[in-house]
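Below is one structure, written out as structure tokens; the observations come after it.
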Amino acid sequence: MPEEANSRKTEEQNKNIKIVEDATCTFCGCVCDDMELHVDVDEKRIIKAKNACVLGRAWFAEHTIEDAPAALIDGKEVSVEEAVEEAAQTLVKAKFPITYGLSDTTSEAQKQAVAITDYIKGNIDTTTSVCHGPSGLAFQGVGESTSTLGEVKNRADLVIYWGGNPAESHPRHFGRYAVTPKGMFTPNGKKDRTVVLVDVRKTKSAGVADILIRPKPGKDFEVLWALRALVKGVSISTDIEKETGVPLEVLTDLVERMKNCRFGVLFFGMGLTMTRGRHFNSGALLALATDLNEYTHFVAKPVRGHGNVTGADNVVSWQTGYPFGVNFSRGYPRFNPGEFTTVDTLSNGDADAAMIIASDPGSNFPKKAIEHLKNIPVVVLDTKSTDTTKLAHVAFKTATYGINTGGTVYRMDDVSIPLRPAFESPFPDDESILKAIKKRVHELILKNNHSGGASGEAKVAAAVNPL
Amino acid sequence: MMLIPGRSSKQGTSLNKGKLKEEYLEVTSTLEMNKDDMEKIGLVDGDKVRLSNEIGETIVSCIGKKPEDLSEGVLFIPYGPPSSQLMASDTAGSGMPLSKHMMVDVEKIKN
Amino acid sequence: MSATMRIVNGQVYDPKNNINGEIKEICIQDGKIVDAVDDDATIIDAKGMVIMPGGVDIHCHIAGPKVNLARKLTPEARRHDVHPSTPFTRSGSGGTTPSTFAAGYRYATLGYTTAMEAAVSPIGARHVLEEFEDTPIIDKGFYVLLGNNIFLHNLIREKRFEEFEQAVAWWVNATKAYTVKLVNPGGDEAWKGKKNSNVTDIDEKTGPSGDITPRQIIEAFVKTVNKQGYPHPPHIHCNNLGHSGNYITTLETMKTAGDLRAHIAHIQFHSYGGEVGKNPISKAAEIADYVNNHPNITCDVGQVMFGESTIMTADAPLAYVLKGHTKGKWVNADTECESGCGILPFTYQEHLYMHTLQWAIGLELFLLSEDPWRIILSTDHPNGGSFMAYPKLIKLLMDEKFRHEEMKRVNQKALKKCSLPELKREYTLYEIAIITRAGPAKALGLETKGHLGVGADADITIYDSMDDKEMMFSTARYVFKSGEPMIANHEFKTDSQGTVYHIEPTYDNKIEEVLKPFFEDFYSIEFSNYPVDDHYLHQHEIIKTG
């Protein structure tokens, strides 16, 4: 060990190293802002990310400056200006242009994306629709009792994880927020807490749990509903075990713990949203947390996957009033999951052009949606090559948020956190590309609306910097 | 059998290196299967299988998991292009396709 | 940037400068009101029109984490209230929690040019400023929630008042706030830490160590803010909101301020007599009497308007109680070490005793007010009703016949428990200009707002003079913002961003040595990432303190 440390020290001593303190990692929704980045200024790369987990270390180490063109049209290198023009033309020409993605970029860039979609009267959706969209739908029906992560650190004495595997998806969640940290009313850390893990398979997260509950796949709703019934004093038959795989004693024991804790928290993940029931699963969990407030203080929190998917929810919500799946074709926002969400606008063949920002549907979407994406002109902004950039008509290689560019992101608990970039990139960032596209789109739209004449031009000239 | 695609540590780190690179493709083509199920089908670690359903098919290699970790009839794979091939596009009006718990046929591929 | 203009032939109401309906010329140059302009200035003929300064909303909830949760919660409330885009303005949606663009445009449509977001947790300040950037036209600022801040409670408990003052100033600077807000001071710890209970008495011991009282918290903030000379005093949402008998708490809160400045928020909700657990009665007369006789106190009414509203408040225990009544969806969001909030959709119904009493008490407070400069118009948007209901409220105050007709439709039992039926007073246009413009601007210490004298910001509203005051105040014919015609002949002409107002009370950096360890132990975000960077302010102006 000492040898390794010494050689690393020597490595650093021979280089021009800059240290960035309190930098923010945006790989997952934990958005840890205590990163200490050691940056090789000459080679433009991060050689050490102190405090980062294994995912964060990979995030910081692998986002280097690639030798590749900043802009392509149909795979051929072009100037950024030409690409912006082509992108604007593509979007304005389309009848049902869709904007999708946004979870791995700043709120400043997200604002521009919504503005563009508003002007072109298109359709905007974010990766939320295939992540915690169902939880957002459940939220609209039930509401949510929740808190910021610091409350969990300071107060939670019962922590339940449902349908997720934080050890592999959010490695620092246990250590930074919910299980081991010593807080104001949890001075003994893990000793002051009981941790419950509910999942259909036994994962690496099991190591941290005091109690493991294993429902049959697809039966989370039944388990949650049974818990709600028990909380309300309704008796449940022992048949529940046959139905769900979970014995009644386990459920009654859990209910006792939930009612008698001082501050309980239910964290939940894709195991609920991506399975049979979707928003009913999320809704059952949120309702359970709400019900428990008759006995004690209880909160729930969806565990968000990407660094700024929460920002995408927030920006789209404040600008349009709706969180995702928003359509502007009538000149004002309309919300309809299932119709205006992107798996549907693609699989149904509605979209005739797409702008994909900081996400990879070409790799992660259902087959039918990917097939349609291949048939329409697509504008893509991404930091690396992916299946989506491969099928793009116009592709922009952009700088990486939190590594090359500053801006604002929202952690899974809606706390906004600033970014501290490590080194500059020759590639423009998402915000400036989108601003340029927005400006051009707005010009084209105004020109199309006013077929000329002095008053038309005056009106165009009178349009102050579009918001 | 029931397929559950999900995040894994290796999938998370390798996607940072590049989603078109070898490591990511390998990680997202590695299927976890219950050891007893593997025995029944006549599989050993590293064997290739075809997963298929009415949506599509994909070829992946498998490794065994203890029954206490992964139940019979349940499969796990880090999500990526291979698992997307099996994903239906019907979102039942929710916007969310069923991305976990996909029912698939498992067929050993003879070398 | 802005044109040179003369507005002629209009009837001007400018209470700060004692102008009560005179036909008077108003001249604009470079965004300000000036004495005279050149002959080549654009002329606006305001014959048959009424000219007032742009409206100033001293207490509303239009931006930030709490408001956004409310938007996400209620797609059904905005579905039918669409806000289409124009070539110059963005689209949006309405209901009682409009999206940001719609909020700015709709305030402007009513002739308002300034609005203050009344409650922001420090950790949410950055988010508020991001939403402010997307709230067009109106100038704005916000009040930062410090009344349940654990670090500050600890200092009060330990009687470290010197450090308390430094820390308060630090927080106001770090968040870019306009003043300090207290909501149900002392109540948070009971809610989060004691299984959802609450404080019920101003002298009840509470807090993480259970040994400070709401009164001590209120006193500490009132003294500190007055000493530091903020343009607007501590803005206080008293304990016991909504409960029968709470008028005592309100009187005690105001007494705690002594003769130091304090602002009581939505005082209608805090003017109830009667016994706890039973139906309340009106104590508007007692409350109005105290405010009338204590020039150091300002307040906004928090008028209830029948119809849909959204409860969104940092008073989380209150929201939970209301959820028990509606049995509908509910949001609770605790914020570490400092605050929380509760949100739920709510409808005020004419046939219900409680709701009618609340409506009546609000009107009583207006009608019993002897100083319209200090009993200011608000609905605590959207808690009591949407700001879009302000024109109807104005009509209720100005038109006793209309008020009488409305009274026929409400719960008659409740009307008997208050004095509203006997109050025949009608507000004049001059008084309306005070309670919606001059008064709030003065209470806020915004000297260039709320009047039309030379040197004022050229934030000017021109209404068509109409008998039906609700109609008149619903759509301004002209709205000038910083001298720029934003609305002309009822049409939007252009778009703009508005200015963020904030203060920078002085403090000694040394306080950070005390703050930092607390952050490291108990917050989940790094100390250096907590304060809001200047660039989030965009167009902004600092109002002097001291």
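Protein chains in written order, with the working numbering: chain A, 1 to 467; chain B, 1001 to 1111; chain C, 2001 to 2546. Glycine residues also receive a C-beta, built at the ideal position from the N, C-alpha and C atoms.
Exposed unless 16 or more other CB atoms sit within 10 angstroms - verdict on residue i
i, result
"asparagine 364 of chain A", "buried"
"histidine 2490 of chain C", "exposed"
"valine 299 of chain A", "buried"
"histidine 279 of chain A", "buried"
"glycine 407 of chain A", "buried"
"serine 237 of chain A", "exposed"
Beta bridge counterpart(s) of residue i as assigned by DSSP
i, result
"threonine 2461 of chain C", "C:Met2052, C:Val2479"
"proline 2345 of chain C", "C:Thr2310"
"serine 1061 of chain B", "B:Thr1030, B:Lys1048"
"threonine 2427 of chain C", "Checking the sequence shown, residue 2427 of chain C turns out to be tyrosine, not threonine. In the DSSP output, where bridge partners are listed per residue, tyrosine 2427 of chain C has none listed."
"tryptophan 2330 of chain C", "A:Gly143"
"glycine 2141 of chain C", "C:Met2116"
"methionine 1102 of chain B", "B:Leu1003"
8 Å Cβ cutoff met for residue i and residue j
i, j, result
"alanine 167 of chain A", "lysine 204 of chain A", "yes"
"glutamine 2268 of chain C", "glycine 2362 of chain C", "yes"
"leucine 230 of chain A", "threonine 252 of chain A", "yes"
"threonine 2379 of chain C", "leucine 2357 of chain C", "no"
"glycine 2439 of chain C", "tryptophan 2373 of chain C", "yes"
"valine 409 of chain A", "alanine 392 of chain A", "no"
"isoleucine 2202 of chain C", "isoleucine 2156 of chain C", "no"
"asparagine 154 of chain A", "glutamate 2526 of chain C", "no"
"leucine 2365 of chain C", "alanine 2262 of chain C", "no"
"leucine 1086 of chain B", "threonine 1058 of chain B", "yes"
"serine 2282 of chain C", "proline 2391 of chain C", "no"
"isoleucine 2460 of chain C", "leucine 2452 of chain C", "yes"
"tyrosine 119 of chain A", "valine 441 of chain A", "yes"
As assigned by DSSP and simplified to three states, the class of residue i
i, result
"alanine 2119 of chain C", "strand"
"methionine 2312 of chain C", "strand"
"arginine 1050 of chain B", "strand"
"glycine 133 of chain A", "helix"
"proline 1005 of chain B", "strand"
"leucine 197 of chain A", "strand"
"histidine 2237 of chain C", "strand"
"lysine 301 of chain A", "strand"
"proline 2317 of chain C", "helix"
"leucine 2452 of chain C", "coil"
"glycine 183 of chain A", "strand"
"arginine 2106 of chain C", "helix"
"aspartate 210 of chain A", "coil"
"arginine 334 of chain A", "strand"
"glutamate 77 of chain A", "strand"
"threonine 126 of chain A", "strand"
"methionine 2001 of chain C", "The predicted model places methionine 2001 of chain C with a pLDDT of 42, which falls under 50 and marks its position as unreliable, so this point remains unresolved."
"alanine 458 of chain A", "The predicted position of alanine 458 of chain A is uncertain, since its pLDDT is 47 and thus under 50; a value taken from the coordinates is nonetheless stated next. Alanine 458 of chain A: helix per DSSP, three-state reduction."
CB contact below 8 Å: residue i versus chain F
i, result
"methionine 1033 of chain B", "You won't find chain F in this structure, because its protein chains are A, B and C."
*Mind checking the region 2058 to 2088 of chain C against chain A and listing, in chain order, the residues whose C-beta falls within less than 7 Å of any C-beta there?*
Flagged, chain order: Pro2065, Asn2068, Arg2071, Lys2072, Leu2073, Pro2075, Arg2078, Val2082, His2083, Pro2084, Ser2085, Pro2087, Phe2088.
*When you check each C-beta in the region 138 to 156 of chain A against every C-beta of chain C, which residues fall closer than 7 Å?*
Phe139, Gln140, Gly141, Val142, Gly143, Glu144, Ser145, Thr146, Ser147, Thr148, Leu149, Gly150, Glu151, Lys153, Asn154, Arg155
*Between the region 2126 to 2153 of chain C and chain A, which residues of the former have CB atoms less than 7 Å from a CB of the latter, in chain order?*
Arg2126, His2127, Glu2130, Glu2131, Asp2134, Pro2136
*Positions along the region 361 to 381 of chain A whose CB lies within less than 8 Å of some CB in chain B*: Answer set for the region 361 to 381 of chain A: Ser363, Asn364, Phe365, Pro366, Lys367, Lys368, Ala369, Ile370.
_Under 9 Å (Cβ pairs) to chain A, residues found in the region 1083 to 1102 of chain B_ = Ser1083, Ser1084, Gln1085, Leu1086, Met1087, Ala1088, Ser1089, Asp1090, Thr1091, Ala1092, Gly1093, Ser1094, Gly1095, Met1096, Pro1097, Leu1098, Ser1099, Lys1100, His1101
_Residues of the region 2502 to 2530 of chain C whose Cβ lies closer than 7 Å to any Cβ of chain A, in chain order_ = Phe2522, Tyr2523, Ser2524, Ile2525, Glu2526, Ser2528, Asn2529
*For the region 200 to 228 of chain A, which residues have a CB atom closer than 9 Å to at least one CB atom of chain B, in sequence order?*
Val200, Arg201, Lys202, Thr203, Lys204, Ala206, Arg214, Lys216, Pro217, Gly218
*Compile a chain-ordered list of the residues in the region 21 to 53 of chain A whose CB is closer than 8 Å to at least one CB of chain C.*
Listed in sequence order: Glu21, Asp22, Thr24, Asp33, Asp34.
*Near-chain B residues of the region 322 to 334 of chain A - C-beta to any C-beta below 7 Å*: Gly325
*asked:* Any C-beta of chain C within less than 7 Å: which residues of the region 423 to 449 of chain A qualify?
replied: Leu446, Asn449
*At a Cβ cut of 7 Å, what residues of the region 285 to 310 of chain A count as close to chain B, listed as they run along the chain?*
none
_Residues of the region 267 to 282 of chain A with Cβ closer than 8 Å to any Cβ of chain B, in chain order_ = Within the region 267 to 282 of chain A, the qualifying residues are Met270, Gly271, Thr273, Met274, Thr275, Arg276, Arg278, His279.
*Within 8 Å of chain A by C-beta, residues of the region 1018 to 1032 of chain B in sequence order*: Gly1018, Lys1019, Leu1020
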